[in-house]
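Here's the structure, in structure tokens; my notes come after.
2 protein chains.
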Amino acid sequence: MSAQPDSTNITGADALIATLLHNDVDTCFTNPGTSEMHFVAALDREPQMRCVLGLFEGGVTGAADGYARMAGKPACTLLHLGPGLANGLANLHNARRAHSPMVNVVGEHATYHRRLDAPLTADIEGFARPVSGWIRTCSSAEHLASDGAAAVAAARQGAGQISTLILPADLAWSERSAQAPESAPAHQLRPHRADLTAIAGALSSGEPVALLVNGRAVIGEGLELLGRLAQATGATAIGDTFISRVERGAGRPAIRRLPYFAEQAIETLSAYRHLVLIDTQAPVSFFAYPGVPSELTPAGCTVHRLTEPGDDTPAALRELLAVLGVPEVGDRGAISAHRPDLVRGPLNPAAIAAAVGHYLPEHAIVVNEAATGGFGMPGATIASPPHDWLDLTGGAIGMGIPAATGAAIACPDRRVINLQADGSAMYTLQALWTQAREQLDVTTIIFANRAYAILQVEFARVGAHNPGRRAMDMMSLDRPELDFVALATGMGVAAERVTTAEDMNAALARCLETPGPNLIEAII
Amino acid sequence: MSAQPDSTNITGADALIATLLHNDVDTCFTNPGTSEMHFVAALDREPQMRCVLGLFEGGVTGAADGYARMAGKPACTLLHLGPGLANGLANLHNARRAHSPMVNVVGEHATYHRRLDAPLTADIEGFARPVSGWIRTCSSAEHLASDGAAAVAAARQGAGQISTLILPADLAWSERSAQAPESAPAHQLRPHRADLTAIAGALSSGEPVALLVNGRAVIGEGLELLGRLAQATGATAIGDTFISRVERGAGRPAIRRLPYFAEQAIETLSAYRHLVLIDTQAPVSFFAYPGVPSELTPAGCTVHRLTEPGDDTPAALRELLAVLGVPEVGDRGAISAHRPDLVRGPLNPAAIAAAVGHYLPEHAIVVNEAATGGFGMPGATIASPPHDWLDLTGGAIGMGIPAATGAAIACPDRRVINLQADGSAMYTLQALWTQAREQLDVTTIIFANRAYAILQVEFARVGAHNPGRRAMDMMSLDRPELDFVALATGMGVAAERVTTAEDMNAALARCLETPGPNLIEAII
């Protein structure tokens with residue numbers, strides 16, 4: 001007597017979710033609509049997949065980005081047709097720049113409904129193309145498992161990228177007999193293609209060398225090897241201005257950062273005769289400015305490439321150390337622990353930075369979208385206990401609150417501190433509600449200068465006239481003033497306002513010890 | 001002695017703004033960034049152009065949509081690179097479906113900077129394509145005036161569409177001698193191509209005829225002629241489910257509306273043997289449902305087309321009346337004035353509808369994104385004083401608060417009432433701040449059922465199982481509950497919460513008499 005395989009019917013959505021889970025995609029950030037109801041019904045039947053609701057898709061995709069950076073694997077998103085995807089595009093742009101792996105599942109009208117051009121019909125592939133490394137519109141219910149496996153495989157490709165899988169509603173609701181989930185092939189980083197002898201020659205030349213680093217050179221094994229390389233050769237490790245994820249703090253190798261403003265970046269790099277690119281590209285300025293070069297590599301500086309994103313940077317660093325005859329184990333230039341003293345008196349960005357550096361919990365995750373308010377923060381925290389630091393990689397503001405949300409979902413045992421500019425906070429404030437619903441341990445510090453202060457700086461830098469009242473109005477948030485305490489409590493997040501350094505210090509100490517989300521509006 | 005023309009240098013941005021103003025584009029909704037600073041500097045020099053700051057681009061484009069519907073002409077938007085445009089896409093989708101004319105000016109990196117792939121670099125044309133009827137990336141500072149004129153001309157084309165003009169920063173900041181602004185050619189509606197004899201035959205056949213209407217058939221002269229046609233022939237005028245702008249209320253011809261749910265729409269249309277399409281397309285269901293037809297025209301019903309969007313509908317209606325021998329002046333089936341009585345007791349959507357119908361100010365503008373909470377609203381207001389009514393045309397939620405903002409900018413002497421579902425409100429809540437800054441006379445009524453209630457209905461309708469806890473969590477906003485009073489006051493808008501019909505009535509009467517924006521959170 002032989003048992004028959006279970007032949008209970010499943011829907012296409014069930015098959016897709018089973019394959020996602022089979023490939024270790026076990027978290028779904030979503031804001032669904034009618035065309036996704038069968039996917040939601042399938043989620044209802046599959047408790048292995050954690051579902052997290054966002055009240056706006058910018059929060060959904062930004063959370064998936066923060067999750068991917070910390071979990072090192074993709075989450076899936078579930079988005080409602082073209083407009084749902086469109087609302088998530090800015091944070092998908094940031095995720096693309098962060099090389100975050102992600103699987104977007106975007107609902108589409110039923111295959112036979114699409115040609116009727118109903119009101120919500122849009123060119124979903126068109127919206128997806130600028131941010132996606134891989135796009136597929138499902139064409140058959142039978143292939144949903146293989147479509148899902150292909151989407152996961154694509155998300156893991158290279159240094160990590162965005163897959164967008166478009167799922168027509170009738171394929172999601174179609175029923176068929178159960179089938180086995182499909183496996184995505186394991187991902188391999190590319191071997192490096194560097195001329196190690198030339199790079200070793202530069203490092204041994206006695207001429208000043210900068211190692212411009214990002215990606216796998218600033219976390220885990222890569223960071224350890226990088227520290228060893230810098231310490232042994234006297235080269236300076238300089239991180240890109242904006243990094244997806246960097247491990248830093250006491251006990252870790254020191255990495256300087258390339259300044260944001262082009263003139264300062266040029267000044268920083270002018271000291272070097274060799275630039276070694278490790279898991280990054282040659283440096284360029286963030287914006288163009290009249291009369292300022294956009295390419296930041298100094299004249300007469302030789303550029304070498306060890307690796308680019310998607311390459312096996314740790315292996316390349318190991319090989320380079322071997323060529324140099326440097327043992328892998330040894331002094332890595334680890335930073336000695338030191339917490340800055342608290343500041344008293346008026347509240348300003350320096351006082352906030354001191355408070356964060358002073359109280360930063362061990363293994364905290366810092367999500368930095370503080371803009372001008374955060375310029376002093378890296379220095380104040382560099383010798384604080386070891387922590388992870390996530391930047392705004394793509395310049396599309398509104399990443400901070402969502403990314404903090406996703407990072408907290410990925411790392412439930414770690415405190416997340418979100419350094420958040422006020423203007424940027426208003427882009428995706430809705431993600432605070434998700435923090436409240438999921439009771440995430442996130443402390444948000446709003447740098448409330450009530451302006452797009454960076455624009456007030458940039459207005460002069462691009463060579464525009466002194467701004468008049470009308471121009472200033474386009475860069476100011478002070479009429480009326482935003483009340484972030486009201487905004488946060490309106491979404492279920494405990495909040496308080498501080499106006500002195502003493503109050504800031506006390507509030508931060510309290511918030512970091514309080515479970516669940518909270519917010520400090522720091523008036524600066 | 002002859003005077004020389006003024007040869008003061010101007011920037012490319014000045015030239016573009018001068019041409020926009022010359023073509024009656026005098027309002028700019030914006031959230032600018034560094035690459036737009038020279039455009040902002042030029043706005044500073046040009047007080048004729050009204051600038052309105054939004055704290056998120058969904059609010060910017062949605063305001064430009066509401067403005068265009070009421071002003072009958074395009075505003076321009078000023079958006080920051082690809083991500084700024086991306087944030088505005090969902091409301092551009094709605095604007096596209098509303099046939100709203102609009103000129104987007106999207107900043108781009110300097111021409112020489114673009115190839116460097118700096119962090120904010122993105123495929124702007126790619127983002128723009130799904131929503132734009134016309135796209136151009138400016139390639140020469142000399143052509144900015146003609147580019148601007150072409151963008152305005154394109155926005156006015158057909159029934160109205162979206163132009164996207166992409167402006168590299170170095171063209172905006174380049175200086176040249178002043179030049180005359182360029183004129184966009186005047187727009188002409190297309191002549192109809194209908195077989196008037198056949199349509200007149202159907203209308204005279206004695207068989208039941210429905211006139212399915214939208215666009216220029218539901219405002220102004222078209223509406224008057226439509227009323228005359230229906231009244232003289234006994235045909236029933238039925239508006240599309242979602243209409244960009246309809247003039248309604250006491251003294252205006254009655255127009256039924258096609259129900260949202262496919263089964264009800266099919267039932268409504270089943271009574272007719274002829275369907276005459278006037279400034280619209282054949283009816284299709286909003287979503288596909290298993291086992292329900294997506295095309296709503298009944299079997300055996302003959303479809304006639306009088307006009308489609310972009311045609312000269314008033315002229316076609318006049319000609320049709322002439323063929324029928326019906327005088328243009330005469331009974332239009334005007335609705336007699338009647339305000340519903342106020343309701344007492346528990347607060348529910350019917351009580352809110354009664355309050356709105358009872359208090360609706362003459363010439364109010366109603367922006368309807370109430371979703372399930374608003375189903376009773378059309379009936380309760382149909383005989384209230386004459387007003388305009390704007391719907392969510394594209395199904396991309398988050399249109400209401402921004403469109404109300406733009407409508408109030410277009411019509412400063414009229415009260416705007418925004419019927420707003422809570423879930424949808426959270427998409428673009430930031431536009432409340434713009435209402436506060438501009439002190440707009442907008443009253444927002446939040447239908448706070450603390451759910452995506454439409455999804456709870458649709459979940460069953462698509463044939464999914466009864467939702468379990470996990471599925472319900474994806475459709476509920478009740479954990480934690482949103483506090484819209486806190487959210488609104490946090491952005492400078494006065495707000496109150498009501499839980500009984502009596503309180504609702506009193507609050508609405510008070511709000512409608514109070515200048516500036518206010519908000520009522522109606523717990524239902």
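Chains as they are written, first to last, in the numbering used here: chain F, 1 to 524; chain Z, 1 to 524. Every residue gets a Cβ at the ideal spot worked out from N, C-alpha and C, and that includes glycine. What you are looking at is a predicted structure, and each value in this text was computed from that prediction instead of being measured.
(message) Going by C-alpha to C-alpha distance, which of Z/196, Z/88, Z/78 and Z/49 sits closest to residue 430 of chain Z?
(response) Z/88
(request) Could you tell me which chain Z residues have their CB closer than 9 Å to the CB of residue 143 of chain F, listed as they occur along the chain? (result) By Cβ distance, chain Z contributes nothing, its closest Cβ being about 20 Å from residue 143 of chain F, past 9 Å.
(request) Please name the residue or residues paired with residue 115 of chain F in a DSSP beta bridge. (result) Partner(s): none; residue 115 of chain F has no beta bridge.
(request) Report yes or no: do the stretch 387 to 397 of chain F and the stretch 41 to 53 of chain F share at least 3 C-beta pairs separated by less than 8 Å? (result) no
(message) Using only CA atoms, which one of Z/197, Z/12, Z/503 and Z/368 lies nearest to residue 167 of chain Z?
(response) Z/12
(request) Give the single residue among F/522, F/242 and F/234 whose Cα lies nearest to the Cα of residue 331 of chain F. (result) F/234
(message) So with CB distances below 9 Å, who are the chain F contacts of residue 387 of chain Z?
(response) None at all; the shortest Cβ gap to chain F is about 23 Å.
(request) Quick one: grab the DSSP three-state call for residue 529 of chain Z. (result) Any answer about residue 529 of chain Z is impossible in this case: the structure gives chain Z only from 1 up to 524.
(request) Find out if the Cβ-Cβ distance for the pair residue 381 of chain Z, residue 249 of chain Z is shorter than 8 Å. (result) yes
(request) Take the Cβ of residue 4 of chain Z as the centre, count every other Cβ of all protein chains shown within 10 Å, and call the residue buried at 16 or more, exposed below. (result) Below a pLDDT of 50, predicted positions are generally treated as unreliable, and residue 4 of chain Z, at 35, falls in that range; the measurement from the model is reported next regardless. Looking at its Cβ environment, which holds fewer than 16 other Cβ atoms inside 10 Å, residue 4 of chain Z is exposed.
(message) At the level of alpha carbons, what is the spacing between residue 33 of chain Z and residue 455 of chain F?
(response) 7 Å
(request) Express the C-alpha separation of residue 441 of chain F and residue 328 of chain F in angstroms, rounding to a whole number. (result) 37 Å
(message) Could you give the first and the last residue of the continuous alpha helix (DSSP H) run that contains residue 275 of chain F?
(response) Counting along the chain, residue 275 of chain F falls outside any alpha helix (DSSP H), though it belongs to the beta strand (DSSP E) covering 274 to 278.
(message) Are the CB atoms of residue 127 of chain Z and residue 180 of chain Z within a distance shorter than 8 Å?
(response) no
(request) With a 10 Å radius around its C-beta and 16 neighbouring C-beta atoms as the bar for buried, classify residue 161 of chain Z as buried or exposed. (result) buried
(request) Just the chain F side, please: which residues come within less than 8 Å of residue 37 of chain Z by C-beta, in chain order? (result) 455, 458, 459, 462 and 464
(request) Check whether the stretch 506 to 520 of chain F touches the stretch 503 to 518 of chain Z, taking contact to mean three or more Cβ pairs, one atom from each stretch, closer than 8 Å. (result) no
(request) Please say whether residue 409 of chain F and residue 521 of chain F have beta carbons closer to each other than 8 Å? (result) no
(request) Could you name the residues of the stretch 122 to 137 of chain Z whose beta carbon sits closer than 7 Å to any beta carbon of chain F, in the order they occur along the chain? (result) 122, 123, 126, 127, 129 and 130
(request) Could you tell me whether any Cβ in chain Z is nearer than 8 Å to the Cβ of residue 473 of chain F? (result) yes
(request) Decide if the stretch 334 to 347 of chain Z is in contact with the stretch 251 to 260 of chain Z; the criterion is three or more beta carbon pairs, one per stretch, under 8 Å apart. (result) yes
(request) Run down chain F in chain order and give the residues with a C-beta less than 7 Å from the C-beta of residue 497 of chain Z. (result) Here the premise fails: no neighbours, minimum Cβ distance about 11 Å.
(message) Determine, for residue 285 of chain F, whether the minimum Cβ-Cβ distance to residues of chain Z falls below 8 Å.
(response) yes
(message) Could you compute how far the alpha carbon of residue 376 of chain Z sits from the alpha carbon of residue 147 of chain F?
(response) 44 Å
(message) Would residue 6 of chain F pass as an interface residue toward chain Z - the criterion being a Cβ-Cβ separation below 8 Å?
(response) Interpretation of residue 6 of chain F is limited by its pLDDT of 45, a score under 50 that renders its predicted location unreliable; the figure taken from the coordinates is listed afterwards. Not one chain Z Cβ lies under 8 Å of residue 6 of chain F.
(message) Taking CB distances under 8 Å as the criterion, tell me whether residue 99 of chain F reaches chain Z.
(response) no
(message) What does the Cβ neighbour count give for residue 130 of chain Z, buried or exposed, with the cut at 16 atoms within 10 Å?
(response) buried
(request) Can you say whether residue 460 of chain Z is buried or exposed, counting buried as having 16 or more other CB atoms within 10 angstroms of its CB? (result) exposed
(message) Give me, in chain order, the residues of the same chain whose beta-carbon lies closer than 8 Å to that of residue 231 of chain Z; leave out the 5 immediate sequence neighbours on both sides.
(response) 253, 330, 331, 332 and 333
(message) Measuring alpha carbon to alpha carbon, tell me which residue in F/66, F/80 and F/174 is nearest residue 10 of chain F.
(response) F/174
(request) Name, please, each residue of chain Z whose Cβ falls closer than 7 Å to the Cβ of residue 23 of chain F. (result) In chain order: nothing, as chain Z lies at least about 21 Å away.
(message) What residue range does the alpha helix (DSSP H) around residue 489 of chain F cover?
(response) 484 to 489
(message) Quick check: what's the CA-CA separation for residue 194 of chain F versus residue 317 of chain F?
(response) 11 Å
(request) Would you identify the three-state DSSP class for residue 438 of chain Z, choosing helix, strand or coil? (result) helix
(message) Under 8 Å, Cβ to Cβ, is there at least one residue of chain F near residue 298 of chain Z?
(response) no
(request) Return the residue from the list F/304, F/245, F/395 and F/398 that minimises the CA-CA distance to residue 215 of chain F. (result) F/245
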